[in-house]
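Colleague:
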Amino acid sequence: MQGEKAEQWRVLCEMAAVEKDPQKLLELSQEINRLLEENEQRLNHQHANTQSAA
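Structure follows, in structure tokens:
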């Protein structure tokens, strides 16, 4: 992950680690998952571009 998104991911994980409310924990988990999926898509796209350029 890069820059601001990496920091956002870390902050959300810290919040989730101490969250007691199940609904808020679910929401934090969903946002963490969304960010991780975005990162995976970006990495897959970069990998595909690298492979096609070779």
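Going by my numbering, the first residue of the sequence shown is number 3, and it counts up by one from there. For every residue, glycine included, the Cβ atom is placed at its ideal position computed from N, Cα and C.
1) Taking buried to mean at least 16 other C-beta atoms within 10 Å of its own C-beta, is L30 buried or exposed?
2) Quick one, are the C-beta atoms of E33 and L45 less than 9 Å apart?
3) Taking only three categories from DSSP, how would you classify E21?
4) Please report the distance separating the alpha-carbon of E9 from that of Q53.
Modeller: Considering the structure as presented:
1) buried
2) no
3) coil
4) 29 Å
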